[in-house]
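Residue numbers (the numbering used here), protein chains in the order written: chain G, 50 to 362; chain D, 6 to 264; chain H, 27 to 314. Here is the structure we will look at, set down as structure tokens.
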Amino acid sequence: MKARPFLIITILLVGFPVLIRDPYWLHVYIMTCLNICLAVSLRVLWNVGLLSCGHAAFMGLGAYTSAILAREMGLSPWLGIPAGGGLAVLVAIGLGYPALRLTGIYFVLVTFAFNEVFFLVATRLREFTGGPSGLLGIPRPSALPPGKLAYAYFVSALLISTLVVLSRFEHSRVGKIWLAIRDMELRSRCVGIQTTHYKLFAFGVSSFFAGVVGAVYAHYIGFISPSDFTIWQSIYVQIYMIVGGVAAFFGPVLGSIILTVLTEFIRAVGPLQSVVYGTLLAAAMLFLPGGLISLTGHFSRALGRRVERHKNL
Amino acid sequence: MEMLQTTGLTRHFGGLAAVSNLDLSVPPGELFGLIGPNGAGKTTVFNLIFGVLQPTHGCIRFRQTDITGAPSYAIARRGLARTFQITSLFQSFSVLENVLLGTYGIFRINPLAALFNTRRPRAIELEQRERALNLLNFLGIERLRDEVARNLPLGHQRILEMAVALAAAPKMILLDEPFAGLSAEEIKEMIAKIRKIHEEGTTIMLVEHNMRVVMDLCDRIAVLNFGRKIAEGTFFQVSRDPEVIKAYLGAKRYATERS
Amino acid sequence: MDAFPYYMQVFTNGVVLSCFYVLVALGLNLIMGIMHIINFAQGTVYMLSAMLLYILGVEVGLNYFLAGALSIGATALLGILMERFFFRRLLGQFLPSLVMSLGLLLAIEGAVWLRFGIISKAIPSVFRGTVNVLGALVSYERLVVIGGGLLLIGGLFLFIRHTKAGKAIRAVEQDREAAILQGIEITGICRLVFIVSFALSAAAAFLVSPMLVIDPNIGHTPLLKGLVIIVLGGMGSVTGTLVGGFIIGFIESITGTLFDPTIASIVSFVILMGILLVRPSGLLPYRM
Chain G
50 MKARPFLIIT
60 ILLVGFPVLI
70 RDPYWLHVYI
80 MTCLNICLAV
90 SLRVLWNVGL
100 LSCGHAAFMG
110 LGAYTSAILA
120 REMGLSPWLG
130 IPAGGGLAVL
140 VAIGLGYPAL
150 RLTGIYFVLV
160 TFAFNEVFFL
170 VATRLREFTG
180 GPSGLLGIPR
190 PSALPPGKLA
200 YAYFVSALLI
210 STLVVLSRFE
220 HSRVGKIWLA
230 IRDMELRSRC
240 VGIQTTHYKL
250 FAFGVSSFFA
260 GVVGAVYAHY
270 IGFISPSDFT
280 IWQSIYVQIY
290 MIVGGVAAFF
300 GPVLGSIILT
310 VLTEFIRAVG
320 PLQSVVYGTL
330 LAAAMLFLPG
340 GLISLTGHFS
350 RALGRRVERH
360 KNL
Chain D
6 MEMLQTTGLT
16 RHFGGLAAVS
26 NLDLSVPPGE
36 LFGLIGPNGA
46 GKTTVFNLIF
56 GVLQPTHGCI
66 RFRQTDITGA
76 PSYAIARRGL
86 ARTFQITSLF
96 QSFSVLENVL
106 LGTYGIFRIN
116 PLAALFNTRR
126 PRAIELEQRE
136 RALNLLNFLG
146 IERLRDEVAR
156 NLPLGHQRIL
166 EMAVALAAAP
176 KMILLDEPFA
186 GLSAEEIKEM
196 IAKIRKIHEE
206 GTTIMLVEHN
216 MRVVMDLCDR
226 IAVLNFGRKI
236 AEGTFFQVSR
246 DPEVIKAYLG
256 AKRYATERS
Chain H
27 MDAFPYYMQV
37 FTNGVVLSCF
47 YVLVALGLNL
57 IMGIMHIINF
67 AQGTVYMLSA
77 MLLYILGVEV
87 GLNYFLAGAL
97 SIGATALLGI
107 LMERFFFRRL
117 LGQFLPSLVM
127 SLGLLLAIEG
137 AVWLRFGIIS
147 KAIPSVFRGT
157 VNVLGALVSY
167 ERLVVIGGGL
177 LLIGGLFLFI
187 RHTKAGKAIR
197 AVEQDREAAI
207 LQGIEITGIC
217 RLVFIVSFAL
227 SAAAAFLVSP
237 MLVIDPNIGH
247 TPLLKGLVII
257 VLGGMGSVTG
267 TLVGGFIIGF
277 IESITGTLFD
287 PTIASIVSFV
297 ILMGILLVRP
307 SGLLPYRM
């Protein structure tokens with residue numbers, strides 16, 4: 050695993066936020082970082098051959114867990130955030146244990162249904178989750194100084210940790226096993242790899258980061274509601290990942306940055322965002338399945354990254 | 006003690022019996038051949054042995070342990086390995102990485118430990134890497150170690166398939182038509198490699214169409230037709246069996262009538 | 027028999043919902059069976075058809091039946107175009123087609139929203155009045171949906187079972203290679219399936235639109251319910267879709283009346299997850 054890209058990224062993430070004066074763009078920066086974490090963690094599942102339509106639900110699980118613990122029990126967000134991630138993992142394992150025996154198409158549907166059920170249940174359990182109007186007054190982590198800049202650094206730290214951890218996984222033997230399972234599952238099983246366990250592990254890792262992002266989001270905005278975690282949010286994460294490119298680790302990074310910033314620049318809200326995202330997604334599938342990152346093939350080679358290896362979709 | 010033993014192995018697909026009441030017995034160290042006309046059920050037998058398919062009836066024992074219907078990964082961990090008729094290499098990985106993948110199922114490292122890359126996992130990695138290189142050397146393809154699998158010519162792909170299967174030093178290996186589609190040169194090379202593997206003491210069960218190869222390599226042979234065993238013995242014995250001749254002639258006639 | 031009209035109401039609702047969902051789900055299932063992909067844009071097709079009905083029937087002022095015919099025709103044409111320019115390119119690739127259809131869903135719904143706004147529209151009822159069925163009042167509207175729906179479903183069954191084209195579709199679904207060897211032209215079959223599938227959704231729109239609101243999001247419900255139905259009934263199985271559709275339609279009617287629509291949806295999705303985890307092949311797999 051090359052250290053150089055991460056050094057560059059760390060420098061960017063440390064230097065960048067200070068340069069942003071406008072609180073609005075700081076907000077965009079924070080949301081971009083969170084989106085990157087989501088997209089990169091979703092790619093963990095893609096690398097093991099699965100597409101999840103339920104990433105937002107795990108985000109929601111983490112968000113509600115941390116928010117409720119903070120509001121009802123006064124639990125510090127520093128504990129609540131990992132707790133949110135932990136609950137997401139538990140649910141993922143519970144759901145994954147039966148679901149991961151199914152092939153791709155069924156897994157998509159199960160996660161799809163799961164996300165819907167999460168949304169509907171969160172809407173219904175008024176006493177617990179505040180229902181459609183959501184939860185207000187979610188506290189910030191106390192140790193953080195007030196203001197967006199502090200949160201921007203917090204989120205930067207989160208992002209760099211996420212990228213480092215997930216990149217390590219990808220380049221370790223676990224990552225190779227995941228790819229082997231994606232390419233040739235039967236073969237993997239016949240050399241003694243217990244593929245269901247590895248898929249479960251991938252699901253757990255992916256969901257953990259989704260849960261953590263959800264919790265961090267909750268403590269940032271201070272308010273969450275079920276409509277923050279619908280299927281459409283899951284699909285948006287898929288779009289960041291796919292349009293950016295599943296072929297390389299930094300594909301989802303690229304996709305998240307470009308799409309989040311693009312959305313802000315053209316002021317795409319609601320329907321316009323749908324049109325842009327939808328068109329990009331369909332176009333990517335039809336014309337550039339490797340995503341935008343596959344265009345930078347030669348560029349990355351010059352920087353010493355090995356995109357060559359995983360060009361398969 | 007037999008290495009591999011099937012008793013009354015049967016598998017139905019709808020109304021059809023793909024494999025019917027098959028008794029096989031392979032002692033340790035033998036190079037056993039499984040032949041028969043197309044569609045006789047040979048690959049189905051491999052899939053049954055390896056837990057890819059569940060038998061309808063019958064029992065499979067490997068080294069005295071009942072492995073009937075056990076999950077494939079568990080069977081592999083007991084020391085049984087296989088290759089596939091359609092090349093099933095890990096296409097985007099290099100030759101060396103393919104062989105290493107063959108070991109990952111059996112010499113396992115805790116996934117979270119892999120994250121931290123502590124001393125012990127690293128030592129295991131190095132050790133396995135060396136063993137993999139030795140294996141590649143043994144099979145004569147060490148110089149190809151960094152080649153991407155999908156770029157290899159067919160003959161080398163087949164050898165790599167065997168290497169992946171042998172990576173974790175199995176006691177027995179099932180070879181599914183390793184000679185299909187090979188040139189004369191490649192066939193010679195392949196025969197030499199399989200002999201070498203056999204000489205090392207690995208038990209081999211070989212499914213093959215090419216009769217010269219079978220005659221050359223196999224200690225004993227069983228002949229399948231429509232899922233049933235119709236003869237068993239040395240090549241000499243089996244090739245004179247009237248039922249076997251009928252089965253192959255019949256298959257040939259069927260083939261010529263169709264064209 | 028005080029409660030009877032109440033039960034009758036629930037029953038009629040159940041049949042109406044079932045017919046509606048089955049028509050759209052059949053479209054999903056046919057495409058699924060032939061091309062092994064899920065067309066997430068199926069509900070969007072229904073919505074587009076309803077929108078077109080509104081434009082032709084209300085804004086332009088055409089006779090409803092004429093508007094319906096035009097709408098169904100246009101939707102069928104859309105099916106041809108979509109098959110040709112979108113889905114054919116990704117033939118055999120399950121995940122990319124699925125993702126692409128999601129992209130289409132987003133883009134089309136967004137475009138419709140931009141053009142027409144989010145405010146729901148309504149098509150005035152064409153069939154007014156009610157009739158007395160076994161002591162309860164049932165609107166003609168509903169009878170039309172039930173009648174038309176059952177007719178179409180029956181027609182589809184006959185088509186699949188007894189026509190040459192229908193048999194060709196079944197052949198392709200069961201064994202693609204064998205069908206090619208028999209000389210069946212796959213491209214033509216795919217196109218036909220898209221036409222039928224889209225026409226069914228358009229027909230559903232024609233039957234149901236006067237009863238419901240029209241807005242860009244109305245495609246979601248039939249899509250989601252359709253997914254539940256095809257899994258419940260068995261993917262690729264027309265009979266299964268029918269059975270599954272009626273089960274879901276009635277469950278929704280009953281739970282929707284007893285509790286509320288949210289609970290009804292939750293139940294549907296829990297059923298979906300349950301089936302996927304317990305018996306993924308569905309109730310009646312492989313029976314066309």
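C-beta: ideal position from N, C-alpha, C; glycine also. Keep in mind the model is a prediction, meaning the values are calculated, not measured.
Distances from the CA of H:LEU52 to each of H:GLY175, H:THR213, H:ILE280 were compared; the closest alpha carbon is that of H:GLY175. Fully enclosed alpha helix (DSSP H) runs of no fewer than 4 residues occupy 166-188 of the region 159-194 of chain H, in order along the chain.
Put simply, the backbone Cα of D:GLY232 is about 9 Å away from that of D:ARG16.
Annotation: G:ASP277 has no Cβ neighbours in chain D at a cutoff of 8 Å; minimum Cβ distance is about 30 Å.
About 3 Å separates the Cβ atoms of D:ALA172 and D:GLY107, confirming a contact at the 8 Å cut-off. One Cα belongs to D:HIS203, the other to D:ALA23, and the distance between them is close to 30 Å. VAL214, ARG217, PHE218, SER221, ARG222, VAL223, LYS225, ILE226, LEU228, ALA229, ASP232, MET233, LEU235, ARG236, SER237: these are the residues of the region 212-237 of chain G whose beta carbon lies less than 8 Å from some beta carbon of chain D, given in chain order.
Burial state of D:PHE18 is exposed, judged by a 10 Å Cβ sphere holding fewer than 16 other Cβ atoms.
Residue nearest to G:ILE85 within the set G:SER305, G:GLN322, G:GLY111, G:PRO338 is G:SER305 (criterion: CA-CA distance). Cβ atoms of G:CYS82 and G:VAL166 stay farther apart than 8 Å, at about 29 Å. Contact residues of the region 283-310 of chain H toward chain G are THR288, SER291, ILE292, PHE295, VAL296, LEU298, MET299, LEU302, LEU303, PRO306 (C-beta to C-beta distance below 7 Å).
Rounded to the nearest angstrom, the gap between the Cα atoms of H:ILE289 and G:LEU249 is 30 Å.
Between G:GLY327 and G:ALA333, the C-beta gap is not smaller than 8 Å, which leaves the two residues out of contact. Counting of Cβ neighbours within 10 angstroms places H:ALA133 among the buried residues, the total reaching 16 or more. A contact is defined here as three or more CB-CB pairs under 8 Å, and the region 94-109 of chain H fails this definition with respect to the region 198-206 of chain H. Residue nearest to G:SER276 within the set G:PHE163, G:GLY183, G:LEU174, G:ALA148 is G:GLY183 (criterion: CA-CA distance). Shown here, H:GLY270 sits in a helix according to DSSP, grouped into three states. Here the C-alpha atom of D:VAL31 lies approximately 10 Å from the C-alpha atom of D:GLY38. Here DSSP, grouped into helix, strand and coil, assigns D:LEU94 to coil.
Taking the C-beta atoms as reference points, G:GLN287 is found nearer than 8 Å to G:LEU91. H:GLN208 sits exposed, since fewer than 16 C-beta atoms from the chains shown fall within 10 Å of its C-beta. Per the DSSP secondary-structure output, D:ASN230 pairs in a beta bridge with D:ARG233. The alpha-carbon of H:LEU238 is positioned some 27 Å away from that of G:VAL318. Residue burial annotation: D:LEU131 is exposed, with fewer than 16 other C-beta atoms found within 10 angstroms of its C-beta. As the crow flies, the alpha-carbon of G:LEU337 is around 50 Å from that of D:CYS64.
Taking a contact as a CB-CB distance under 8 Å, the pair G:VAL254 and D:ALA81 does not count as one, their CB atoms being some 25 Å apart.
Annotation for H:GLY155: SER165, TYR166 place their beta carbon closer than 8 Å to its own, counting only its chain and skipping 5 residues before and after. Between H:ALA29 and H:ILE280, the alpha-carbon positions lie close to 14 Å from each other. Counting along the chain, the unbroken beta strand (DSSP E) around D:THR208 starts and ends at 208-212. The beta carbons of H:SER227 and H:TYR72 sit about 4 Å from each other, so the pair counts as a contact at 8 Å. When 7 Å is used as the limit between beta carbons, D:ILE164 is near no residue of chain G, the shortest such separation being about 16 Å.
At a cut-off of 4 residues, the continuous stretches assigned as alpha helix (DSSP H) that sit fully inside the region 67-92 of chain H are 68-80. According to the DSSP assignment, G:PHE336 belongs to the alpha helix (DSSP H) that extends over 320-336. The residue among H:ARG168, H:PRO287, H:MET261 with its C-alpha nearest the C-alpha of H:THR247 is H:PRO287.
Taking every protein chain shown into account, the CB of H:PRO150 has fewer than 16 other CB atoms within 10 angstroms, so this residue is exposed. Closer than 8 Å to the CB of H:ILE98 there is not a single CB belonging to chain G.
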